[in-house]
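Chemist:
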Amino acid sequence: MSTLATFVKQQRQQKSMLLMTHVIYGYPTIDESLQMMTSLLEKGVAILEVQFPFSDPVADGPVITNACHDALENKPKLSQCLADITKLAAEYPNTKVLLMSYLNPILQYGFEALAADMQAGVAGIIIPDLPIDHHAMAAPLVEKSVDPIWLMIPDMSDERMEFVSQHAQGLLYCVSRKGVTGQGSDSQSEQSQLESYLNSIKKHTDVPLALGFGISTAQDIQGIVGLVDVAVVGSALLRAYQNGGLSEFNEKADELLTVQ
Amino acid sequence: MSTLATFVKQQRQQKSMLLMTHVIYGYPTIDESLQMMTSLLEKGVAILEVQFPFSDPVADGPVITNACHDALENKPKLSQCLADITKLAAEYPNTKVLLMSYLNPILQYGFEALAADMQAGVAGIIIPDLPIDHHAMAAPLVEKSVDPIWLMIPDMSDERMEFVSQHAQGLLYCVSRKGVTGQGSDSQSEQSQLESYLNSIKKHTDVPLALGFGISTAQDIQGIVGLVDVAVVGSALLRAYQNGGLSEFNEKADELLTVQ
Amino acid sequence: MNDQGYFGQYGGSFIPEILYSSQQELLKHYREAMADPSFVESVKKEMQQYSGRPTPLTHCANLSAQIGGAQIYLKREDLNHSGAHKMNNVIGQGLLTKRMGKKRVIAETGAGQHGVATALISARLGLECTIYMGAHDIERQYPNVFWMKQLGATVVPVTTGSQTLKDALDEALRDWTASFEDTHYLIGTSCGCEPFPEMVAGFQSVIGEEVKDQAMAQIGKMPDKIFACVGGGSNACGIFLPFVGTDTELIGIEAGGCGDGVGEHAKRFHTDQAKFGISQGFATMFLQDEEGQLAPTHSISAGLDYVGVSPILADLSDRGLVRMSSARDEEVVAGFKQLMKAEGIIAALESSHAIAGGLREAAQLSPDQNIVINVSGRGDKDIFTIAKALGDEPFKDFLATYLEGEK
Amino acid sequence: MNDQGYFGQYGGSFIPEILYSSQQELLKHYREAMADPSFVESVKKEMQQYSGRPTPLTHCANLSAQIGGAQIYLKREDLNHSGAHKMNNVIGQGLLTKRMGKKRVIAETGAGQHGVATALISARLGLECTIYMGAHDIERQYPNVFWMKQLGATVVPVTTGSQTLKDALDEALRDWTASFEDTHYLIGTSCGCEPFPEMVAGFQSVIGEEVKDQAMAQIGKMPDKIFACVGGGSNACGIFLPFVGTDTELIGIEAGGCGDGVGEHAKRFHTDQAKFGISQGFATMFLQDEEGQLAPTHSISAGLDYVGVSPILADLSDRGLVRMSSARDEEVVAGFKQLMKAEGIIAALESSHAIAGGLREAAQLSPDQNIVINVSGRGDKDIFTIAKALGDEPFKDFLATYLEGEK
Ligand SMILES: Cc1ncc(COP(=O)(O)O)c(C=O)c1O
Ligand SMILES: Cc1ncc(COP(=O)(O)O)c(C=O)c1O
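Chains as they are written, first to last, in the numbering used here: chain A, 88 to 347; chain B, 88 to 347; chain C, 629 to 1035; chain D, 629 to 1035.
#1: To the nearest angstrom, how far is the alpha carbon of P644 (chain C) from that of G972 (chain C)?
#2: Can E136 (chain A) and L185 (chain A) be called in contact, C-beta distance under 8 angstroms?
#3: Which residues mark the beginning and the end of the alpha helix (DSSP H) in which C821 (chain D) is found?
#4: When the distance is taken between beta carbons, is A1015 (chain D) closer than 8 angstroms to A984 (chain D)?
#5: When DSSP labels each residue in this structure, what does A340 (chain A) get in the three-state scheme?
#6: Is any beta-carbon of chain D found at less than 8 angstroms from that of R704 (chain C)?
#7: What three-state label does DSSP hand I879 (chain C) in the structure shown?
#8: At the level of alpha carbons, what is the spacing between K164 (chain A) and L987 (chain D)?
#9: Using 8 angstroms for Cβ pairs, my map puts Q908 (chain D) next to K794 (chain D). What's the rounded Cβ distance?
#10: For K262 (chain B), would you say it is in contact with chain C, using Cβ-to-Cβ distances shorter than 8 angstroms as the test?
#11: Measuring CB to CB, does L344 (chain B) end up less than 8 angstroms from L105 (chain B)?
#12: Is any heavy atom in ligand 1 found nearer than 7 angstroms to the beta carbon of K714 (chain C)?
#13: Among the candidates D:L685, D:Y701 and D:T683, whose CA atom is the shortest distance from the CA of G691 (chain D)?
#14: Could you give the first and the last residue of the continuous beta strand (DSSP E) run that contains Y701 (chain D)?
#15: Which whole-angstrom value is the C-beta distance of L190 (chain B) and F642 (chain C), which I expect to be below 8 angstroms?
#16: Can you grab the Cα-Cα spacing for the pair Q270 (chain A) / S126 (chain A), in whole Å?
#17: Within 7 angstroms: the Cβ of T912 (chain C) and any heavy atom of ligand 1?
#18: Does the beta carbon of N1050 (chain D) fall short of 7 angstroms from some heavy atom of ligand 2?
#19: Using a C-beta to C-beta distance shorter than 8 angstroms, which residues of chain C count as neighbours of N161 (chain B)?
#20: Taking only beta-carbon atoms, is M629 (chain C) less than 8 angstroms away from chain B?
#21: Can you give the Cα-Cα distance for K726 (chain C) and I1001 (chain D), rounded to whole angstroms?
#22: At a Cβ threshold of 8 angstroms, is Y813 (chain C) touching chain B?
#23: Return helix, strand or coil for V209 (chain A), following the three-state DSSP convention.
#24: Here's the rule I'm using: 16 or more other beta-carbon atoms within 10 Å means buried, otherwise exposed. How should T1029 (chain C) be labelled?
#25: Can you give me the start and stop residues for the alpha helix (DSSP H) that L159 (chain A) sits inside?
#26: Can you name the start and end residues of the alpha helix (DSSP H) that G762 (chain D) belongs to?
#27: Beta-carbon of L325 (chain B) versus every beta-carbon of chain C: anything under 8 angstroms?
#28: Counting only the same chain and skipping the five closest in sequence on each side, list residues whose C-beta sits under 6 angstroms from that of Q637 (chain C).
#29: Kindly indicate which residue of C:A930, C:Y934, C:A991 and C:L1031 has the alpha-carbon position closest to the one of I1011 (chain C).
#30: Within 10 angstroms of its Cβ, does E882 (chain C) collect 16 or more other Cβ (buried), or is it exposed?
#31: Measuring only from the beta carbon, is L186 (chain A) closer than 7 angstroms to any heavy atom that is part of ligand 2?
#32: Grab the span of the alpha helix (DSSP H) containing M88 (chain B) for me, first residue to last.
#33: Hey, does Q916 (chain D) have any beta-carbon neighbour from chain A nearer than 8 angstroms?
#34: At a threshold of 7 angstroms, does T817 (chain D) count as lining ligand 2 (C-beta to nearest heavy atom)?
#35: Taking 8 angstroms as the CB-CB limit, is S641 (chain D) close to chain A?
#36: Which residue's Cα is closest to the Cα of V783 (chain C): C:G820, C:L801 and C:V744?
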């Protein structure tokens, strides 16, 4: 089992739900984004997802997309980003740090180079525009024990779930609904659909599951306790920051962390 | 022989050249146009051509065209025009008055009605857009001894000259060059062409000849003495009026009348 | 038509004597050319290889269903090079000009469509080109003027009279009287002296000839009715003539404008403001006052804004072979929109008169009947008028921003 | 092409997992449709009866003589309904959308040509239509936006990133991830994930197929060279593909813009600013910086202003089967003018790149050689840009007067 999976399973012995929070490297400045990360690490979030911004983030909603474009104004470098988050990871060993970005910045950096540079302190990577069919591209990461975190989505065929499961390691990112990040969840009646969706995933794999898209309150998190291992909060924290700076960001994080 | 032709021939026994001058009925107002006419009649021009304005005077140049459009603002009526010029003609028996207009206003008035109303005092009519081919339309005028004044042009075929000549009565209007009224004559070297053109007309007819288009000074008139019976001055007088009102108009008329 | 270019009481040649020989020469060359298969072939070839003929016949399933009557077909003259049927005529007359050995053409234009078409063919055939256009029209239709100038044509603003189409025609005639030796007057519609009405209608008849073939191929029979808008009458003549005397009913739609008052419309039929008259070289129904002065006209579509009408149509109407009707500005804009939204076809406002007329009557027919509406041109050119009619604010903002950027 | 939609190292499908089944469904329907003669026939019929195909091949005698080299022929995609080759693709995909039983289409657009074409076919086929367009492009190209809205489409301004075409494409993809059940993403060029490059190129191949027939009929042999402008690459693929591997040389012309600096052009070949990359669903040559961020682009023609290029062309270029070249803004305006004045054809500024490239090379050929230049669209739409480039004062006056009248 991968370090990331082991970590999640261990943590889950004490907590009913782990929190995975999201920060964009370079937004609004590199320093401030590092401050947000530090803040979350201090609070002891289980998993910190750091998005390295890309000019064309097709799987992100407007809040994150705009923030990424703002971040790009600061000319972030992937090499520096890796150095920065590796350092943080080393300082906060109780949190796992993940990288999230799109295929093209990674491709230009090179999967080999990336694997080498992540190995030390970044446990996994989410690449929303790298479909499972191209899993071979991620082989250099796997080789260096960096987990590519694949996505599961509702209405996926059994066959394809099986396919993803075969390559799953560390964590599986389960999308809870159609669409892009940050759009809020629909009616509560979808709960049962969600359960059957997650159950069908669990039939294929025992890799820990993270559930994402549209989770923005402690209540949302409470609602999925028992269903998955990790609750992913993306744009909600970003919105809090945009509303009231670091203090509202911290308040939001505290709220989310009440579900333990 | 028609009264008009007889008149011209008689006058020509005393004068080397008769003058035919042009006034637009209703320009700039009906009264002022009548004043211009009276002025010319007082001076004893041989022939007074009164143009009843039409909205689309295709055979006229810009000076007369614009004046016609201005005149139309005063809503001139052909019936009133005929009444007015018939009265003038009666007052000045030493001048022959001619009507000039385009086909459509005449058509709407009716050739029969027109013939009846012209009979008393208007000797002839010039309709530049009525080609000789349609001479039959003018039959009601001919019947009432009103002379339709047909046009001759340079480079006309012999056949067509003959055709026009057959219907000529009163006066023939010989165009001296291509184009529309009021554009000034070209080089003096055209004089010989002009002579041979007029000679070929004279082979076909002994109806008096008027020469028009581009005659604007006494010198121009002097240049054609011996070639034709009548010199037609159109836009030159109008331009004089536009430059300096009735007084310049009168001066110009006096200049033109120096050639006797 | 008899030998003097008459159509019933209409037509004929009423031009200053100075133009006589030039007109005779044109007549002779035209007759010779049309009797020469190689000329006819060259016209056909240029219509195909330059202008993209044949233009299609488009069935409108949605529109027909919305109206709930006849099947509606459109003859797509909007797909011609230049975006209107005007191209058919300028190809014919342009090639004739070359054949006559003349080096220059002149033309009148109202909306500018015929001006652009003439400037295009002049560039293509290497002819000098002068376009007469009313100064008012130049102001209203500057984009077309822009293209004429870019194409190398000289555009002469006509500042006399009403400064619109009829004055431009007068001015072109004046030019011709001074220039006929090396210049052809390329009239844009089937009006004017002989042989213009016949010639323009003849070159345009390719429209109706194609409709015959296409109706057989696509419908299996001839259409029950054909609709065309009528400005000067060339697109109507073009689509009607091959059907005259057949069972297909032919309906011309004039510009009903914004009302029935003098100067509010451009109807030459069914109004006592229009009477038989003779002007601009020919006899026809002219809008005029009691004194015979030609009257002002109005239409939302500049191309129908003409005081006279083709003598061919005046005669066919007299003889009951063509039925004349009209459509008002609002009805035209409604027809324009309905077609656009139902079928994704942006028709010229001129053509939208035919559409309005067609839709009105299609409703009274049954689904096994078929009508053809002539879409004489495309409507992109009308963006300024349409945006104005619809009060589209962003369009104004766009223009204002553009002008800002130009400062 | 292999089974995963690859063209050499380019192409493929790199889309969020959420789109996987929808893309698979499209692929399946597309393959089935193309194997169904009745579908192929329906596409052909609509191309003919709605868009007016075949478009002609026009010989340019004057232009050829001026250049003094090869005989120049133009493939006239400007005569399509909507005024550009974009119509070919939207007809194909529109009919496929109906066949798939979907009710709505979304599309990205830069200059607005594809947006207008999509809005037209959506009206025609009764599909709901949403167009994503960069907010900057909306400002620059409002007339096209006006028509999209008039046609009933919803135009969504994209305010993220550079607010231009690539961002519109991102946004359309985002819509699709939320709407794929009833929505087809109607991509406008031969880019994107499988099967889009192949599908768009396939629907566009009618261009080259027609050229083959027309070259035989009009020239008696195949052309020596074919030129096409390359934005996303659909018109180039369309005219090239039927000739790949034959003796006809195929030359793609990119937007050279106003210089070679970053953001001054849109060249994806012959510049080290472009590298192999993967984004927007597929692998190709993308203009990008060292971090893999897609780069800004510039062209006088909005339609060539794209950061990536068809994987089909990237591969054909690698394999030496297509030669890529480029033309700068000034050369493009000069080519535009020369064609217009010599032949009376107003080409789109996009197409004028191909013209500039063609004229450059025609000069080096002999008069018994023949080249075909693809005129992908007409240039009326470019009046604002051209009037600006030429500093035409009366156009500004016209706009100012129009705005005055609107107050
Ligand atoms: C598109 C279009 N349709 C119709 C007309 C009217 O002309 P006609 O009646 O000669 O067809 C015009 C004239 O400009 C036009 O541009
Ligand atoms: C007229 C025209 N030509 C060319 C293009 C470029 O697209 P592509 O390279 O896909 O043909 C466009 C795109 O908008 C266009 O409008």
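No residue lacks a Cβ here, since even glycine has one placed at the ideal position from N, Cα and C.
Modeler: This is what the structure gives:
#1: 48 angstroms
#2: yes
#3: Counting along the chain, no alpha helix (DSSP H) covers C821 (chain D), and no H or E run does either.
#4: no
#5: helix
#6: yes
#7: If DSSP states are grouped into helix, strand and coil, I879 (chain C) belongs with the strands.
#8: Going from the Cα of K164 (chain A) to the Cα of L987 (chain D) covers about 44 angstroms.
#9: 7 angstroms
#10: Strictly speaking, residue 262 (chain B) in this sequence is Val, with Lys absent from that position. Yes, contact with chain C.
#11: no
#12: yes
#13: At residue 691 (chain D) the sequence reads Leu, which differs from the Gly that was named. Comparing Cα-Cα distances from L691 (chain D) to each of D:L685, D:Y701 and D:T683, the minimum goes to D:Y701.
#14: Q699 to R704
#15: 6 angstroms
#16: Its pLDDT being 45, under 50, Q270 (chain A) is placed unreliably in this model, and the coordinates cannot settle the point.
#17: no
#18: Coverage of chain D is limited to positions 629 through 1035, which leaves residue 1050 (chain D) absent and any answer about it impossible.
#19: Residues of chain C passing the Cβ test: none, with the nearest at roughly 12 angstroms.
#20: Low per-residue confidence applies at M629 (chain C): pLDDT is 43, beneath 50, and the placement is therefore not dependable, though the value from the model is reported in the following sentence. So, not an interface residue.
#21: 27 angstroms
#22: no
#23: For V209 (chain A), the three-state secondary structure derived from DSSP is coil.
#24: exposed
#25: P149 to L159
#26: Where G762 (chain D) is concerned, there is no enclosing alpha helix (DSSP H), although the beta strand (DSSP E) it sits in stretches over E756 to G762.
#27: no
#28: Nothing meets the Cβ criterion.
#29: C:A930
#30: buried
#31: Result no, Cβ not under 7 angstroms from ligand 2.
#32: No alpha helix (DSSP H) contains M88 (chain B), which DSSP labels as neither H nor E.
#33: yes
#34: yes
#35: Yes, because at least one Cβ of chain A sits closer than 8 angstroms to the Cβ of S641 (chain D).
#36: C:V744
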